[in-house]
Amino acid sequence: MKNLNISKIPEKELAKGITGKYAHSENMTIGFVNIIKGSVLPPHSHIHEQATQIISGKLEMTIGNVTKVLEPGEITIIPSNVVHGAVALTDCVVTDTFYPVREDYK
């Protein structure tokens, strides 16, 4: 069993206005991400499957050729190697889960 205090995890800047704290298990990475209104996560892809859960705010996400506005209580699944990006319509808090582990976030 591994217990972590999120407040003690170092913050990583993903893009201007987007920061996350990442916890890693043997097989997955969980990110606790804060996004400032107007921040843009440029289109990108990675080998990891990703699940993004909106805790607060409104986030416009484009996954492949589909764009949707996500709100609290929603979760979206991003398949491996699919191009995706986002724009924060408001300040947002999201939780990202990746499989396998994001070695680049350690």
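When the letters of the sequence shown are read in order and numbered with UniProt numbering, they come out as residues 1 to 106. Here a beta-carbon is modelled for each residue, glycine too, at the ideal position from N, C-alpha and C. Bear in mind that the values here come from a model prediction, so they are computed numbers and not experimental data.
Margin query: Measuring straight from C-alpha to C-alpha, what distance separates E71 and I54?
Written below: One C-alpha to the other measures close to 6 Å.
Margin query: Short of 7 Å in beta carbon distance, which residues of its chain neighbour H48, apart from the five on each side in sequence? Order them along the chain.
Written below: So the qualifying residues of the chain are S80, F98, Y99, P100, R102.
Margin query: Using a 10 Å radius around the Cβ and a threshold of 16 neighbouring Cβ atoms, would you call H44 buried or exposed?
Written below: exposed
Next item on the list: Please state whether DSSP places S56 in a helix, a strand or coil.
Entry: strand
Check: Hey, I35 and L59: beta-carbon distance below 8 Å or not?
Finding: yes
Check: Which residue from G57, V69, E74 puts its Cα closest to that of A51?
Finding: E74
Checklist line | Chain-order list of residues whose beta-carbon lies under 6 Å from that of H92 (same chain, five-residue window excluded) | finding: The amino acid occupying residue 92 in the given sequence is Cys; His does not appear at that position. Around C92: I35, G57, L59.
Note to self: Assuming G85 is part of the beta strand (DSSP E), what are its boundary residues?
What the structure shows: 84-88
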